[in-house]
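Working notes, beginning with the structure itself.
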Amino acid sequence: NTEPAKKPIGELLQSANRTFLYFILFLVVSLSLVVTQIRKVEVPTRPEAYTIEAYKILRNVPPGGVVIVDTGFTNSSRGENGGQMEALLRILMRSGAKFAVLSWVEPQCIEIARGFIRTINEERKAAGEAPYREWEDYLILGFFPDGPTMLQTVHQNVREAWKTRQATDPSTGEKKSVFESPVLRNVQKIEDVYAYVTLSASGTMPTIVARIGQQVKVISMITGVMFPEQLNYFKSGQLKGLVNGLSGCVELEWLMEKGIDSAGVVGGDAPGKPLAAAFKGAKNFDRGMAYYLALHSALSLLILAVAVGNIGMWLTNRSKKR
């Protein structure tokens, strides 16, 4: 009997069992999540310029200033857009801003947004802070089936665009025009809105910036796969701020924790009024940072697997040449 020939090490490196690799990936990601949860790991990050610009705008909304939240994501992109929405709501509520939520992507986007508002309100109540009240502090404008036409009308006459929208005044229990609410009472034109923030997993940006991009500061919170397309709008100045997927969510949370000093340094302590103050002592790190170590671990494992495969290929080719 002859013993089976042993495989050269190069071939062994290239023939790792897929099930084993998936198990290692599962183990690494799971351990990263557990470690983050137990140890409260904060992965150091350096926010990109487009995230910094987004935070500077949002953090400096004056008390009572109005922000339009255009939500266009469903549960399919909740992992990225969900963390962005939570960070956005925390910033707006802590700054005393008012906001109105609308959607023209899918009707379910509105209900998903309502869920996030409830979540952050519960968080505020647990921290001894006043929850945000519908009608007084925020509005749900609802779903618009023809987004491009609605936005074009907003460009021309915002009161005409939303004239049929109503909300319940809790003091009387009656349905009234949204323009009677403290949120939109002083909005006569779209320029009276401080910022327009869109959260989406699709290519809605061309529709938005073409119609209102010259009148109001537009910020996009997007999934990672759509980021390259959106970056061009930021570089051209049509977008004033951009938040890129999970990494952008982490950067936003980092800025909420560290702030931007008067010299423009993230986490700096230069004298003078900061360009965008931090929320010291508040819950800033959440959904983004919770998954960031796991993301880095998974990417590191991927790079390692590619490197091992390439080494195996090199060893195999070298042995064949002998």
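Counting from 1, position 322 in the sequence shown corresponds to residue 321 in our numbering; the numbering is continuous, with no gaps. Glycine is no exception: its CB is placed at the ideal position from the N, C-alpha and C atoms.
Check                                                                                                                                                         : Outcome
Going by the CB atoms, is the gap between Leu254 and Tyr49 shorter than 7 Å?                                                                                  : no
Could you say if the region 86-101 and the region 299-313 meet the contact criterion of at least three C-beta pairs nearer than 8 Å?                          : no
Applying the 10 Å Cβ sphere with the 16-neighbour rule, what's the burial state of Phe322?                                                                    : Examination of residue 322 is not possible in this model, given that the chain is present from 0 through 321 alone.
Using the rule of at least 16 other Cβ atoms within 10 Å of the residue's Cβ for burial, across every protein chain shown, is Gly95 buried or exposed?        : exposed
Please return the same chain residues whose Cβ sits closer than 6 Å to the Cβ of Ile67, not counting the five positions on each side in sequence.             : Ala99, Val192, Tyr195
In angstroms, rounded to a whole number, what distance separates the CA positions of Gly240 and Ser219?                                                       : 6 Å
Excluding the 5 residues flanking Leu292 on each side, which residues of the same chain have their C-beta closer than 6 Å to its C-beta?                      : Ser31, Thr35, Val40, Val42
Considering only the alpha carbon of each residue, which of Leu298, Ile211, Arg184, Arg38 lies closest to Gly63?                                              : Arg184
What residue range does the alpha helix (DSSP H) around Asn120 cover?                                                                                         : 107-125
In its own chain, which residues sit with a C-beta less than 8 Å from the C-beta of Pro7, not counting the 5 before and 5 after it?                           : Leu314, Thr315, Ser318
Spatial neighbours of Gly82 within its chain, please: C-beta separation below 6 Å, excluding the five flanking residues on both sides.                        : Cys248, Arg286, Gly287
DSSP state of Tyr232, grouped into three classes?                                                                                                             : helix
Considering only the alpha carbon of each residue, which of Val224, Pro130, Ile189 lies closest to Ser201?                                                    : Val224
What three-state label does DSSP hand Lys216 in the structure shown?                                                                                          : strand
Express the C-alpha separation of Thr70 and Trp103 in angstroms, rounding to a whole number.                                                                  : 8 Å
Please report the straight-line C-alpha distance between Arg123 and Ile116, rounded to a whole angstrom.                                                      : 10 Å
For Ala166, list the residues DSSP reports as bridge partners.                                                                                                : Lys175
For Ser102, which residues does DSSP report across the bridge?                                                                                                : Phe142
Note down, in chain order, each residue of its chain lying with its Cβ closer than 6 Å to the Cβ of Phe142, except the 5 sequence neighbours on either side.  : Ser102, Pro106, Ile109
According to DSSP, what are the bridge partners of Lys18?                                                                                                     : One detail in the question is off: residue 18 reads as Thr in this sequence, not Lys. For Thr18, which the question treats as bridged, DSSP gives no partner whatsoever.
Could you pull the start and end residues of the alpha helix (DSSP H) that Gly63 belongs to?                                                                  : Note, Gly63: premise wrong, no alpha helix (DSSP H); not H, not E.
Among all the DSSP beta bridges, which residues are the ones paired with Ala275?                                                                              : Ile259
With H, G and I counted as helix, E and B as strand and the rest as coil, what does DSSP make of Ala194?                                                      : strand
For Leu238, which of Arg45, Thr197, Ser246, Met149 has the nearest alpha-carbon?                                                                              : Thr197
For Gly212, which of Val307, Ala15, Gln151 has the nearest alpha-carbon?                                                                                      : Gln151
Based on the DSSP secondary-structure assignment, which residues constitute the bridge partners of Tyr137?                                                    : Phe98, Glu133
Going by beta carbon distance, what residues of the same chain come within less than 6 Å of Gln214, once the five residues before and after it are set aside? : Ile189, Glu190
Output the distance between the C-alpha atoms of Asn231 and Pro205, rounded to the nearest integer angstrom.                                                  : 11 Å
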